[in-house]
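Under the numbering used here, think of the first position of the sequence shown as 1021, with each following residue one higher. Everything below concerns the one structure shown next.
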Amino acid sequence: EKAGKKARPASRYIHGKLTNILDRIEQTDVRFCTKGYQRIVVTERLDALLTLPQLSKREVQTAATLTAGAFNGEFDRLCSQYGDDMTLNDALTVYQKLARRALLLNITPPYHESLRTDRDRRTEPDIEKLPGAFLRLSCADWWNRKLWRLRRIWREEQLRAACLVSRKKSAYLSRDALTEFREQRRRMKQFLKSHELVNEDGFTIDMADVYYSGNSNPQHRRYEMMANMKGLELIAQERGDEAVFVTVTCPSAWHATTADGHPNPKWNGSTIRDTSDYLVNVFFAAVRKKLNRKNLRWYGVRVAEPHHDGTVHWHMMIFVRPEDRETIVNEMQDIAIREDRDELGDDITPRFKQELITPDKGTPTGYIATYIGKNLDKGAVKGNDPKTGKPLVDDESGLTMTESVERAVGWAGLHGVRQFQFFGIPSRQVWRELRRLACQLQRNPDGPQKLKDPAMDSVMVAADAGCFASYITQQGGVLIPRKDYVVRTAYAIADKPNDYGETGIQIYGIWSPLIGETSRICTHPDNWTLVRKQPEPKDNAPEPGFDVDLPGGFAAPWTRGNNCPHQQKINIPTAEERVMRALPREGIHISDGEITLLMSGIKLQQSGRIYRVKDGVLRDTPTADGLTARWQAAIRRRDA
1021 EKAGKKARPA SRYIHGKLTN ILDRIEQTDV RFCTKGYQRI VVTERLDALL
1071 TLPQLSKREV QTAATLTAGA FNGEFDRLCS QYGDDMTLND ALTVYQKLAR
1121 RALLLNITPP YHESLRTDRD RRTEPDIEKL PGAFLRLSCA DWWNRKLWRL
1171 RRIWREEQLR AACLVSRKKS AYLSRDALTE FREQRRRMKQ FLKSHELVNE
1221 DGFTIDMADV YYSGNSNPQH RRYEMMANMK GLELIAQERG DEAVFVTVTC
1271 PSAWHATTAD GHPNPKWNGS TIRDTSDYLV NVFFAAVRKK LNRKNLRWYG
1321 VRVAEPHHDG TVHWHMMIFV RPEDRETIVN EMQDIAIRED RDELGDDITP
1371 RFKQELITPD KGTPTGYIAT YIGKNLDKGA VKGNDPKTGK PLVDDESGLT
1421 MTESVERAVG WAGLHGVRQF QFFGIPSRQV WRELRRLACQ LQRNPDGPQK
1471 LKDPAMDSVM VAADAGCFAS YITQQGGVLI PRKDYVVRTA YAIADKPNDY
1521 GETGIQIYGI WSPLIGETSR ICTHPDNWTL VRKQPEPKDN APEPGFDVDL
1571 PGGFAAPWTR GNNCPHQQKI NIPTAEERVM RALPREGIHI SDGEITLLMS
1621 GIKLQQSGRI YRVKDGVLRD TPTADGLTAR WQAAIRRRDA
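If you want it as C-alpha cells, here you go:
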C-alpha cells in the first residue's frame, strides 16, 4: 500500500507535467523541423540536420561542408539547364530556386530582400549582388556560421519549452547558452590578445586597445547613452515637452513559462525572436503609423529587456507636447492591449504601464539610467543595498545585478534583440564621427582647426564639447527629416574586396547635404589590416642554477628492471607546416614571404579562389571570376 502511495506522485508527474513538457518540446521541433525542412534534408542526404540541436560544433562544421556541397551541385545543375543563352534573369531564377531551398532550412539566403521578385516590389532586384549571393550559398564557412546560430537558437527554444529558462531554473537564458556565451567571450579575449592592426606605414595598434577604447567597451557605450539621454532631457526642457515612462509587454500567450516556473497553458509556441518582432512590427510600427496619420510627433529612447523566461518587453522614455500627451499615450495603450483584450479585464498594467515624469519623482535620465545599466554594463549596478548591506538584487530574475547583466547581454546576442534604440533625433553616428574629426584636428596644430563651412563647424564644436543637446540644436533640432540635417555620415567604396570578391560600403567621414559632395571630409584616413601577432622568440638555453626534480616527470624505477615505457617522440606539425603541406595539394606555389603573410592573416588570391588561414587550416573561397568559370564548366558538362 505504501509503495502504491509513493508511485502516485511519480505517475501524476509522468502523465501530467512531463507529458505536457514533451508536447511543448515537440511543438518547438515542429516549428523548426518543418516538412519542407525534412524534405530537403532527406533529398540531399543531410541526415545530421535532423538532430541539429544535439550536434557539437565540429559536427555542425561537417554538416555545413556537406550542405555547401549540396548547394554547389544544385547550382551547377540549374546553370547547365540554360547553356550559353543564360541571361541575368535566368541567373536570378537560379538564385530564387536556391533561396527557396535555404528558406526551407530556416536560413535566410544572402541578399534576400534585395533580390526578391515579388509582385508588390517597388524597385528592380539588384542584379549586381547575385555573384556574392551564389558564393555565399556555396561557401562552407558561411553555412557553418548560419547553421551554428540556428542550432543554438533551436536548442535554446527546446530548453525554454521544457521550462528550463525561468526564474526557478535559469533566468533569461539557459545554463547551456550561458556556458557557450562565457566560452565565446573567452575566445574573443584570446583573439584580441593575439591580433593587432597594421597601417600602410607599418604602425601597429594592439587589437585589445582598439576594442576597449571604442564603443565595444560596455562602459563607454553606457557613458555615451547617458550623455545622449541627458541631451534629450535638456532639449525637452527647452521645448517645453513632457516626459512619459512607458512599459509594454507581449500578451500572455507569448510567454512560455509562468512566474512560478510552471508551463504556461496559454503559450502559443512563439519563440523569443517572435516576441521581439511582435513589439517591433506590430506594436511600434502601428503606433508610428497612427501618430503620423494624426500628425502627432514624439521622440525618445526604448530599451528592450527580457522577462525571466526570455520573453521580450520594452521600457520607453518618450517626449511629447503637453497638449498631445494624452492622445499619444491612449493610442499606444489601445494598440498594446487590443490583442487578447478579454484576458486583462479592468487591470491593463500587466500589458501596459505609463507614468508622467515630474520633478518631484526625478529626472527622465535618472529613470532610464537603471534600465540602461542593468542591460549593458555591470559596473553601473555594482554595490550593496543600503538597507540590507547585501548586493543589489534584480527583481525580475532574483539574481544579483551583476549576474543579471551578464545574462541579459548573452540573451540579446543569442536572439539578435536590439537592446537600445533612439528615435526622432539626429544621427548618433555623425556625433561620433565629428568627435573623431575634432580630435584629429587637435593632434595636428599646424593644420586648420576649423571647418570651412561655419554651420558644419558649429556642429563639430558642439559634438566635441560633449553636449548632446547643443549638437541636436546645431543639427536643426528634433523631429525634422533626415535630409534637412546639417551634417550626415559619408560613405565610400571599400578599398579591398571581401572573401566573396565584393567591394562593400564603409564609413568615409562626414558631409553636408545642404552643400553637396564638395563638403565630404574623411575621418578614416588610414587603411588598417588585421594580422596575427608574431610569437616572441624564446631562449631555450638553460639558465644557471640547481636542477630540481619536479612532480609529474620521468622518475627512477622502484625495481631493478625498468618497466616504464620508453618516451615516444611524436612530431606534431605546426600550423605553418600543415599549411605548407596543403598548398601543393591545392596546386599553389608561393614564396616564403607570401607564406608568412598568409600565416599572419593576409588573404591570397590565386587561380580564381581566395585563400586564407583560419584556426591553423588553409581555407579557400571562390571569387566572382571563379564563379563565372563554374558557370561555363557546367555548360560544357551539359553539352558533353
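Idealized CB from N, CA, C, for every residue including glycine.
Look at the alpha carbon of residue 1533 and the alpha carbon of residue 1525, and state the distance between them as a whole number of angstroms.
Cα to Cα, residue 1533 sits roughly 19 Å from residue 1525.
Do residue 1482 and residue 1251 have their C-beta atoms within less than 7 Å of each other?
No. Outside cutoff.
Near residue 1170, which residues of its chain fall below 7 Å by C-beta distance, leaving aside the five closest residues on each side in sequence?
Result list for residue 1170: 1072, 1126 and 1127, in chain order.
Can you find at least 3 beta carbon pairs, one from the region 1312-1326 and one from the region 1344-1355, that sit closer than 8 Å?
As far as the Cβ criterion goes, the region 1312-1326 touches the region 1344-1355, which means the pair count is three or higher.
In the DSSP output, what is residue 1217 paired with across the bridge?
Paired residues: 1225 and 1550.
Look up residue 1266 in the DSSP assignment and say whether it is helix, strand or coil.
Correct three-state label for residue 1266: strand.
Taking its Cβ as the centre, do 16 or more other Cβ atoms sit within 10 Å of residue 1680, making it buried, or is it exposed?
Residue 1680 lies beyond the residue range present for the chain, which begins at 1021 and ends at 1660; the question has no answer from this structure.
If you draw a straight line from the C-alpha of residue 1193 to the C-alpha of residue 1240, how long is it?
So the alpha carbons of these two residues sit roughly 25 Å apart.
What do you reckon, are the CB atoms on residue 1527 and residue 1541 nearer than 7 Å?
Cβ atoms of residue 1527 and residue 1541: not closer than 7 Å.
Among the candidates 1422, 1406, 1405 and 1049, whose CA atom is the shortest distance from the CA of residue 1399?
Nearest C-alpha to residue 1399: 1422.
Can you list, in chain order, the stretches of the alpha helix (DSSP H) that have 4 or more residues and sit fully within the region 1428-1490?
Whole alpha helix (DSSP H) segments, 4+ residues: 1448-1462 and 1474-1484.
In terms of DSSP beta bridges, what is residue 1375 paired with?
Paired residue(s): 1265.
Kindly confirm or deny that the region 1230-1239 and the region 1465-1473 touch, where touching means at least three C-beta pairs closer than 8 Å.
Touching, no.
Please work out which residues of its chain come closer than 6 Å, Cβ to Cβ, to residue 1553, disregarding the five sequence neighbours upstream and downstream, and give them in chain order.
Closer than 6 Å at Cβ, skipping near neighbours: 1214 and 1216.
Under DSSP, the alpha helix (DSSP H) around residue 1241 begins and ends at which residues?
1238-1259 is the extent of the alpha helix (DSSP H) around residue 1241.
Could you check the C-alpha separation between residue 1508 and residue 1538 for me, to the nearest Å?
Distance between the alpha carbons of residue 1508 and residue 1538: 13 Å.
Can you name the start and end residues of the beta strand (DSSP E) that residue 1531 belongs to?
Residue 1531 -> beta strand (DSSP E) spans 1525-1532.
For residue 1388, which residues in the same chain have their Cβ closer than 8 Å to its Cβ, ignoring the five residues on either side in sequence?
If we look at residue 1388 and ignore the five residues flanking it on each side, its Cβ neighbours are 1249, 1265, 1321, 1323, 1335 and 1337.
Within 10 angstroms of its Cβ, does residue 1449 collect 16 or more other Cβ (buried), or is it exposed?
By the neighbour-count rule (16 or more Cβ atoms within 10 Å), residue 1449 is not buried but exposed.
Measure the Cβ-Cβ separation of residue 1412 and residue 1425 and say whether it is below 7 Å.
It is not a contact, given that the beta carbons lie outside the stated cut-off.
Enumerate in chain order the residues of its own chain whose CB-to-CB distance from residue 1567 is below 6 Å, with the five nearest sequence positions on each side excluded.
With a pLDDT of only 48 at residue 1567, under the threshold of 50, the placement of this residue in the model should not be trusted; the figure read from the coordinates follows. Contacts found: none.
So, residue 1187 versus residue 1328, is the Cβ gap smaller than 7 Å?
Against a cut-off of 7 Å, the Cβ pair of residue 1328 and residue 1187 comes out as a contact.
As a quick exercise: from 1436, 1519 and 1043, pick the residue whose alpha carbon is nearest that of residue 1292.
Residue 1292 has its Cα closest to that of 1436, out of 1436, 1519 and 1043.
Whole angstroms is fine: what's the gap from residue 1116's alpha carbon to residue 1052's?
Taking the straight line joining both Cα atoms gives about 21 Å.
DSSP three-state call for residue 1578: helix, strand or coil?
Here the model assigns residue 1578 a pLDDT of 47, short of 50, so the residue's position is not dependable and the matter cannot be decided.
Buried or exposed for residue 1140, going by 16 or more other Cβ atoms inside 10 Å?
Residue 1140 comes out exposed.
Buried or exposed, going by whether 16 or more other CB atoms sit within 10 Å of the CB of residue 1303?
So residue 1303 ends up on the buried side.
According to the Cβ coordinates, are residue 1392 and residue 1446 closer than 7 Å?
No, they are not a contact pair.
Using a Cβ-Cβ cutoff of less than 6 Å, which residues in the same chain neighbour residue 1602 once the five nearest sequence positions on both sides are dropped?
Counting only Cβ-Cβ distances below 6 Å, and skipping sequence neighbours, we find 1638.
Have a look at the DSSP bridge pairing and note the partners of residue 1337.
BP columns for residue 1337 point to 1265 and 1321.
Looking at residue 990: is its Cβ nearer than 7 Å to the Cβ of residue 1396?
One cannot answer for residue 990 here, as it falls past the ends of the chain, which runs 1021 to 1660.
Is residue 1568 helix, strand or coil when you go by DSSP?
Per-residue confidence for residue 1568 stands at a pLDDT of 47, beneath the threshold of 50, marking its modelled position as unreliable; the derived number appears in the next sentence. Residue 1568: coil per DSSP, three-state reduction.
By how many angstroms is the C-alpha of residue 1503 removed from the C-alpha of residue 1340?
If I take the Cα positions, the gap works out to 22 Å.
Does the distance from the CB of residue 1003 to the CB of residue 1160 come in under 7 Å?
The structure shown does not extend to residue 1003, since the chain is modelled only from 1021 to 1660, so the question has no answer here.
Using beta-carbon positions only, say whether residue 1111 and residue 1150 come within less than 7 Å of one another.
Yes, the pair counts as a contact, with Cβ atoms nearer than the cut-off.
How many Å lie between residue 1362 and residue 1276 at the Cα?
Near 20 Å, if we compare the C-alpha coordinates of residue 1276 and residue 1362.
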